[in-house]
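Below is one structure, written out as structure tokens; the observations come after it.
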Ligand SMILES: [Zn+2]
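Residue numbers (our numbering): 14 to 598.
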């Protein structure tokens, strides 16, 4: 590494210029003599509080406000508590009492990517105005507030000036991944990390009516200072409709009235226009949608100054909380309908429909850019000028189902694969265990043509294969598991267990041992056996000769030629590449 001091390195990084901004939301910043001023406010948004400073501030608040309680959701790999703050007018501080509350509940989660910490500082300011300073205290008459200020607690303490090269402040930030270098926002389905297991348990027990995950972007420059969105019409279409029709206009209106520039959650591809992706359930927002908890993804824009981003986040939290309080009955009803629906087939993957189907256009508030040749990369280099321009662009939505499966009544997990049953239980899925062996009529998958990734991803070597259905009567020993899809998390069961789902435990690599061949025949045994097989079966002989004539690789491989015969004998393993999870017929 070049030995430049930090001052020099920070001078080397030149970000595209921000537009001047003086929004009305600045009025929400605490006065210097306010006892509850946050570190961010006190330092003119240069700094953000450490884990310890944050916890001390919260403990002090809970000590003077009886409507505030801190609960630990669990511990991180480095032993830090993941704190959740509950604010409830009626002091409902257990999952049971809070769930029974007539008032809807909002759960806001900050710092899943710990360098993107806007949600923590906005949430602390919101807590203050909801309680001690009282600006928004009346909102507690209508809704309960739950807040995880720092989700990736270990990443948050892995802090330096070098965590977020594309981001304009704070000066020192945490790190994207946890202490095991795992990205918590890719872990919601496989659920490897202590942190995500703690959050899934919290979602299952506290069951918020609205779940919000707060980030900062990387990527293109544009005018919007905050963008937000959700999976539309995927696993929870009624809730998505409420978010579209009721929440979005209210939040956009509040942000504009406070001087912010809200935009849609979109990625810009200069060649193809704008894309709205469907987030898979390894992400918080896709996972919430899949388990029918209405879920919002918030992304402030990394090139806007920290102050502007935190204030935009604060206004967004406040207006979402207010809207939930007033209109939450409609959302509860929508989520109930989604939870009770049993789609058949079950959708597993989405794609953008063919171009002819695109009719939607958007006036996108962009920043002017041009491309120059680059001697560094050899490719065109994009430069943003800082000048606002409006572009009329086509919008492509990833809303067409590309992979789906008929809804199975239930899945069967053999006793030996109890680890898979344990993963399902982490999600709160109910799993039945049989005490005596049973013969069950099932469909099972033979997995052809497996392809393993060359590089690990999130600690796993992923695999895809071509599933081929086999009808079988299968004996499941005592201790095996039956998982019904006739439960609120039935769609999640299919997503985790169907091999054609990208978030299946199979594709995440939990079943690699079934791809191994563990018994084999010596060549001197197969040779003699093959001669007899050819003599006895003219059809087999012509198939063999045909294969030799047409398949170069086969002809050149002694092993493949011998295996041609061995695999046709009862000595070959009949369960090779047979996926052990079965669909009940
Ligand atoms: Zn992020």
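We put the beta carbon where it would ideally sit given N, CA and C, even for glycine.
How is the beta strand (DSSP E) around residue 595 delimited, first residue to last?
That run of the beta strand (DSSP E) goes 595-597.
Who are residue 454's beta bridge partners in DSSP?
Paired residue(s): 486.
Just checking residue 473 against ligand 1 - is the residue's beta carbon closer than 6 angstroms to any of the ligand's heavy atoms?
Residue 473 Cβ: outside cutoff for every heavy atom of ligand 1.
Tell me the residue span of the alpha helix (DSSP H) that contains residue 132.
Where residue 132 is concerned, the enclosing alpha helix (DSSP H) stretches over 131-143.
Please list, following the chain, all residues that have a C-beta closer than 6 angstroms to any non-hydrogen atom of ligand 1.
Per the Cβ criterion, the list is 126, 129, 228.
Use the C-beta contact count for residue 215: other C-beta atoms within 10 angstroms, 16 or more gives buried, fewer gives exposed.
Buried is the call here.
Can you tell me which of the three DSSP states residue 440 falls into?
Three-state result, residue 440: coil.
Pick helix, strand or coil for residue 114, following the three-state DSSP scheme.
Coil at residue 114, not helix or strand.
The alpha helix (DSSP H) spanning residue 169 covers which residue range?
It spans 166-170 - the alpha helix (DSSP H) in which residue 169 sits, taken as one unbroken run.
Would you call the CB atoms of residue 161 and residue 89 closer than 7 angstroms?
The answer is no: Cβ separation not under 7 angstroms.
Considering residue 642, what are the terminal residues of the beta strand (DSSP E) in which it resides?
Examination of residue 642 is not possible in this model, given that the chain is present from 14 through 598 alone.
With a threshold of 8 angstroms on Cβ separation, who are the neighbours of residue 547 within its own chain once the five nearest residues in sequence on each side are excluded?
Once the five neighbours on either side are set aside, the close Cβ partners of residue 547 are 553, 554, 557.
Under a three-way DSSP split, which group does residue 240 fall into?
Three-state result, residue 240: strand.
Return the chain-ordered ranges of every beta strand (DSSP E) run that is complete within the segment 497-541 and spans a minimum of 3 residues.
Here no run is fully enclosed.
Would you call the CB atoms of residue 268 and residue 328 closer than 7 angstroms?
Contact flag set, yes.
Per the DSSP calculation, residue 309 is bridged to which residue(s)?
Partner(s): 225.
Per DSSP, residue 479 forms a beta bridge with which residues?
According to DSSP, residue 479 bridges with 461.
Between which residues of its own chain and residue 444 is the CB-CB distance below 7 angstroms, once the five residues before and five after are set aside?
Within the same chain, residue 444 has close Cβ partners 434, 437, 438, 494, 496.
Considering only C-alpha positions, which residue in the set 416, 381, 152 is nearest to residue 599?
Residue coverage of the chain in this structure runs from 14 to 598, which leaves residue 599 outside it and unanswerable.
Let me make sure I understand the geometry here. Which of 427, 163, 138, 335 has the alpha-carbon closest to that of residue 93?
Of 427, 163, 138, 335, the residue nearest in Cα terms is 163.
Can you check whether the CB of residue 52 is closer than 7 angstroms to the CB of residue 38?
Against a cut-off of 7 angstroms, the Cβ pair of residue 52 and residue 38 comes out as no contact.
Spell out whether any CB of chain E is found under 7 angstroms from the CB atom of residue 164.
Reference to chain E is not applicable here, since this structure consists of a single protein chain.
Kindly indicate which residue of 491, 103, 169, 79 has the alpha-carbon position closest to the one of residue 66.
Among 491, 103, 169, 79, the Cα nearest to that of residue 66 is on 169.
Between which residues of its own chain and residue 207 is the CB-CB distance below 7 angstroms, once the five residues before and five after are set aside?
Excluding sequence neighbours, residue 207 sits near 87, 88, 89, 90.
Counting only the same chain and skipping the five closest in sequence on each side, list residues whose C-beta sits under 7 angstroms from that of residue 82.
For residue 82, where only same-chain residues beyond five positions count, the Cβ hits under 7 angstroms are 75, 99, 106.
Quick test of the definition: if touching needs 3 or more C-beta pairs under 8 angstroms, does the segment 525-533 touch the segment 462-481?
As far as the Cβ criterion goes, the segment 525-533 touches the segment 462-481, which means the pair count is three or higher.
What's the C-alpha gap between residue 273 and residue 237?
Those two C-alpha atoms are separated by around 8 angstroms.
What does the Cβ neighbour count give for residue 391, buried or exposed, with the cut at 16 atoms within 10 Å?
Residue 391 comes out exposed.
Taking a contact to mean a Cβ-Cβ separation below 7 angstroms, would you say residue 190 touches residue 294 in this structure?
Taking 7 angstroms as the Cβ cut-off, residue 190 and residue 294 do not qualify as a contacting pair.
Taking residue 259 as part of the beta strand (DSSP E), name the residues at either end of that continuous run.
It is not in any beta strand (DSSP E) - residue 259 carries neither H nor E in the DSSP assignment.
Along the chain, where does the beta strand (DSSP E) that runs through residue 85 open and close?
It spans 81-88 - the beta strand (DSSP E) in which residue 85 sits, taken as one unbroken run.
Could you give the first and the last residue of the continuous beta strand (DSSP E) run that contains residue 30?
From DSSP, residue 30 is part of no beta strand (DSSP E); its letter is neither H nor E.
Looking only at DSSP bridge pairs, what is residue 49 linked to?
Answer by DSSP bridge pairing: none, since residue 49 is not bridged.
Following the continuous beta strand (DSSP E) through residue 424, name the residue where it begins and the one where it ends.
Here the beta strand (DSSP E) through residue 424 covers 423-426.
Residue 344 and residue 222: beta carbons closer than 7 angstroms?
Result yes, Cβ atoms of residue 344 and residue 222 sit closer than 7 angstroms.
Terminal residues of the continuous beta strand (DSSP E) containing residue 94?
Looking at the DSSP string, the run of the beta strand (DSSP E) that includes residue 94 is 94-100.
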